[in-house]
DNA sequence: GAATCAATCAATCATTTGATTGAGACAATG
DNA sequence: CATTGTCTCAATCAAATGATTGATTGATTC
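Protein chains in written order, with my numbering: chain A, 159 to 359; chain B, 159 to 359.
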């Protein structure tokens with residue numbers, strides 16, 4: 159195909175769709191899903207509204223595209239550090255570090271995911287993408303806690319399901335809340351999670 | 159129609175505002191803040207759009223009215239059970255029961271609060287109401303944990319701030335998530351929170 | 001009973017907004 | 001070169017949406 163066509167007026171369909179998704183994500187961060195307008199997206203990409211509709215037939219499909227784009231990014235981030243062969247303690251610290259990294263480098267990801275989660279209540283197409291994402295994340299903790307209980311690094315009376323719900327809930331909510339000192343709060347939360355779940359020596 | 163209304167065509171301004179807030183809340187639950195339309199509210203209340211604007215000048219003011227209405231309800235619910243003179247353990251169980259009660263009897267409250275929290279990021283008027291609400295709730299846990307550490311019912315190495323963040327985060331997020339088996343999940347979370355924070359006997 | 005005020009409505013305005021149409025540009029293919 | 005398929009835009013539509021206007025109704029006051 160075309161390796162690199164720097165700034166040509168015409169772009170391939172795939173490239174356009176990526177650009178559209180990116181622009182849409184920026185606008186969602188600024189004005190929320192509620193303030194997402196097809197015209198604004200087209201303007202930011204630098205194309206006509208009709209062109210936007212050529213690549214993404216409807217607004218519904220557009221939101222689904224954004225959801226898909228978010229899933230892609232989360233998957234990529236999740237794949238960056240291999241989990242195999244690591245101990246439960248190593249894995250959970252890896253998980254914590256991953257979240258710290260996301261918070262630092264891609265804070266919009268979580269904002270958009272929250273926004274999509276809101277809409278998922280009414281839009282099954284979005285729910286079909288967002289719900290598995292949450293489940294996957296939570297399930298990773300369930301597995302880690304199971305492993306950690308078995309190898310003795312976590313409390314023996316720990317309930318993997320409950321602990322995973324608490325972990326993901328606390329982490330995401332901690333992020334959702336007040337914009338100021340989010341990072342400090344996250345550290346408070348992660349530290350207390352360790353004291354709460356790790357086996358006392 | 160409203161059965162308990164004495165069918166009076168004309169109502170006092172305060173009553174109308176209450177009715178408007180109530181109708182708006184119902185619609186927010188059904189379609190989200192995003193799907194909130196002044197016409198729909200007016201129709202549900204049974205008044206003309208102009209009358210709606212007579213009582214609530216703008217849509218912005220309307221959203222603020224809903225936020226205020228939510229604050230009122232939360233405050234009322236919070237006042238129902240007195241905290242004074244109770245032990246830390248009694249207080250936290252009271253807090254858990256209060257949340258169970260809210261989840262059971264007024265699930266919309268949490269949905270709307272989440273929806274408002276989303277908008278608070280962009281709307282300072284809403285933020286001014288919603289943020290203190292969250293802070294108040296979290297702070298109640300901070301105080302309970304402080305008390306509980308002092309009287310020995312909680313872990314001595316517990317960080318009240320971190321633990322409170324985890325508690326409110328886990329509880330609210332647990333509710334936000336999948337509509338199915340929310341109640342079961344909440345019990346998992348509450349049970350695990352006890353094992354995580356209570357002092358081992 | 002005239003004056004005043006709160007509450008209400010029908011009608012309408014001015015934008016906004018998602019979507020469509022029909023025509024043209026450009027590249028690749030034969 | 002002609003054809004074909006991809007990509008793009010100006011112009012426009014129809015519906016929706018927040019808000020306003022001007023007038024009416026009923027109660028309260030003096």
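Don't be surprised by glycine CBs; every beta carbon is placed ideally from N, CA and C. Keep in mind the model is a prediction, meaning the values are calculated, not measured.
Could you check whether residue 266 of chain B and residue 187 of chain B sit closer than 8 Å to each other, using their CB atoms as the reference points? Against the second chain, residue 187 of chain B aligns to sequence position 29. Against the second chain, residue 266 of chain B aligns to sequence position 108. With contacts defined as CB atoms closer than 8 Å, residue 187 of chain B and residue 266 of chain B qualify as a contacting pair.
At which residue ranges does the region 191-229 of chain A contain complete beta strand (DSSP E) runs of 3 or more residues, listed in the order of the chain? If we require 3 residues or more, the region 191-229 of chain A turns out to have no beta strand (DSSP E) run fully inside it.
Thinking residue 210 of chain A and residue 178 of chain A are a contact (beta carbons under 8 Å), I'd like their distance in whole angstroms, please. Taking the first residue of the first chain as position 1, residue 210 of chain A is located at position 52. Taking the first residue of the first chain as position 1, residue 178 of chain A is located at position 20. The beta carbons of residue 210 of chain A and residue 178 of chain A sit about 6 Å from each other, so the pair counts as a contact at 8 Å.
Using beta carbons (cut-off 8 Å, strictly below), is residue 231 of chain A in contact with chain B? Position 73 of the first chain holds residue 231 of chain A. No - not a single Cβ of chain B is within 8 Å of the one on residue 231 of chain A.
Classify residue 348 of chain A as helix, strand or coil using the three-state DSSP reduction. On the first chain, position 190 is the one that residue 348 of chain A refers to. DSSP places residue 348 of chain A in helix when its eight states are reduced to three.
At the level of alpha carbons, what is the spacing between residue 297 of chain A and residue 329 of chain B? By 1-based counting over the first chain, the position of residue 297 of chain A is 139. By 1-based counting over the second chain, the position of residue 329 of chain B is 171. Computed Cα separation, rounded: 18 Å.
Could you name the residues of chain B that residue 347 of chain A contacts, counting a contact when the two beta carbons are closer than 8 Å? Numbered from 1 along the first chain, position 189 holds the residue referred to as residue 347 of chain A. In chain order, 320, 323, 324, 327 make up the part of chain B whose C-beta sits under 8 Å from the C-beta of residue 347 of chain A.
Count the other CB atoms within 10 Å of the CB of residue 166 of chain B; is the residue buried (16 or more) or exposed (fewer)? For this step, residue 166 of chain B is matched to residue 8 along the second chain. Below a pLDDT of 50, predicted positions are generally treated as unreliable, and residue 166 of chain B, at 44, falls in that range; no measurement from the model is reported.
In the DSSP assignment, find the unbroken alpha helix (DSSP H) run with residue 282 of chain B in it and report its ends. Reading the second chain from its first residue, position 124 is the one you call residue 282 of chain B. Its alpha helix (DSSP H) spans residues 282-308.
Just the chain B side, please: which residues come within less than 8 Å of residue 330 of chain A by C-beta, in chain order? For this step, residue 330 of chain A is matched to residue 172 along the first chain. Under the 8 Å cutoff, chain B gives 327, 331.
Own chain partners of residue 214 of chain A with C-beta closer than 8 Å, once the 5 adjacent residues on each side are dropped: As a first step, residue 214 of chain A is located in the first chain; it is residue number 56 there, counting from the start. For residue 214 of chain A, where only same-chain residues beyond five positions count, the Cβ hits under 8 Å are 175, 178, 220, 223.
Bridge-paired residues (DSSP) for residue 257 of chain B: Numbered from its first residue, the second chain carries residue 257 of chain B at position 99. Partner(s): none; residue 257 of chain B has no beta bridge.
Nearest candidate by alpha-carbon position, reference residue 320 of chain B, set A:293, A:244, A:351: Counting from one through the second chain, the residue named residue 320 of chain B turns up at place 162. The candidate whose alpha carbon is nearest that of residue 320 of chain B is A:351.
Going by alpha carbons, who is nearest to residue 300 of chain B out of B:229, B:249, B:281? Here residue 300 of chain B corresponds to residue number 142 of the second chain, with the count starting at 1. Answer by Cα proximity: B:249.
Go ahead and label residue 260 of chain B buried or exposed: buried means 16 or more other beta carbons lie within 10 angstroms of its beta carbon, across all protein chains shown. As a working note, residue 260 of chain B is residue 102 in the second chain. In summary, residue 260 of chain B is buried, with 16 or more beta-carbon neighbours lying within 10 Å of its beta-carbon over all protein chains present.
Give the straight-line distance between the Cα atoms of residue 348 of chain A and residue 208 of chain A, rounded to the nearest whole angstrom. One-based indexing of the first chain puts residue 348 of chain A at position 190. One-based indexing of the first chain puts residue 208 of chain A at position 50. Between the alpha carbons of residue 348 of chain A and residue 208 of chain A lies a gap of roughly 47 Å.
With DSSP as the reference, identify every bridge partner of residue 312 of chain B, one or two as the case may be. Here residue 312 of chain B is taken as the residue at index 154 of the second chain, counted from 1. DSSP lists B:356 as the bridge partner or partners of residue 312 of chain B.
When we look at the beta-carbon of residue 161 of chain A and count the other beta-carbons within 10 Å, is it buried (16 or more) or exposed? Walking along the first chain from the start, residue 161 of chain A turns up at place 3. Low per-residue confidence applies at residue 161 of chain A: pLDDT is 34, beneath 50, and the placement is therefore not dependable, though the value from the model is reported in the following sentence. In summary, residue 161 of chain A is exposed, with fewer than 16 beta-carbon neighbours lying within 10 Å of its beta-carbon over all protein chains present.
For residue 203 of chain A, count neighbouring Cβ atoms within 10 angstroms of its own Cβ and tell me buried if that reaches 16, exposed if not. Stepping through the first chain from its first residue, residue 203 of chain A is reached at position 45. Around the CB of residue 203 of chain A, 16 or more other CB atoms lie within 10 Å, so the residue is classed as buried.
Give, in chain order, every residue of the region 233-258 of chain A whose Cβ lies closer than 7 Å to some Cβ of chain B. Hits within the stretch: zero.
Touching by the beta-carbon criterion (3+ pairs, under 8 Å), the region 304-311 of chain A and the region 300-316 of chain B: Pairwise C-beta distances place the region 304-311 of chain A out of contact with the region 300-316 of chain B, as fewer than three of them are shorter than 8 Å.
Three-state secondary structure (DSSP) of residue 187 of chain A: In the first chain, residue 187 of chain A corresponds to position 29, counting from 1. Residue 187 of chain A sits in a helix when the DSSP states are folded into three classes.
Only counting the same chain, and skipping five residues up and downstream in sequence, which positions put a Cβ closer than 8 Å to that of residue 281 of chain B? Position 123 of the second chain holds residue 281 of chain B. Counting only Cβ-Cβ distances below 8 Å, and skipping sequence neighbours, we find 218, 221.
Closer than 8 Å to chain A by CB, residue 190 of chain B: By 1-based counting over the second chain, the position of residue 190 of chain B is 32. Yes, its Cβ sits closer than 8 Å to a Cβ of chain A.
Establish whether the CB of residue 356 of chain B and some CB of chain A are separated by less than 8 Å. Counting from one through the second chain, the residue named residue 356 of chain B turns up at place 198. Under the Cβ criterion of 8 Å, residue 356 of chain B is not counted among the residues facing chain A.
Counting only beta-carbon atoms, is residue 317 of chain A nearer than 8 Å to chain B? Locating residue 317 of chain A in the first chain gives position 159, counting from the first residue. For residue 317 of chain A, the answer is yes, since a Cβ of chain B falls inside 8 Å of its Cβ.
Quick check on residue 174 of chain A: does DSSP put it in helix, strand or coil? Residue numbering aside, residue 174 of chain A sits at position 16 when the first chain is read from its first letter. Helix at residue 174 of chain A.
Just to confirm, is the Cβ distance from residue 225 of chain A to residue 199 of chain A under 8 Å? Here the question's residue 225 of chain A lines up with position 67 in the first chain. Here the question's residue 199 of chain A lines up with position 41 in the first chain. No, the Cβ-Cβ distance between residue 225 of chain A and residue 199 of chain A is not below 8 Å.
Just to confirm, are residue 362 of chain A and residue 229 of chain A a CB contact at a threshold of 8 Å? Since the first residue shown for chain A is 159 and the last is 359, residue 362 of chain A is missing from the structure and cannot be characterised.
Skipping 5 residues on each side, what residues in its chain have a beta carbon closer than 7 Å to that of residue 356 of chain B? Within the second chain, numbered from 1, the residue matching residue 356 of chain B stands at position 198. Non-local beta-carbon contacts of residue 356 of chain B in its own chain, meaning distances under 7 Å to residues more than five positions away in sequence, involve 311, 312 in chain order.
Given that a residue counts as buried once 16 or more other Cβ atoms are within 10 Å of its Cβ, and exposed if not, what is residue 346 of chain B? By one-based count along the second chain, residue 346 of chain B stands at place 188. A residue is called buried when at least 16 other Cβ atoms come within 10 angstroms of its Cβ; residue 346 of chain B meets this threshold and is buried.
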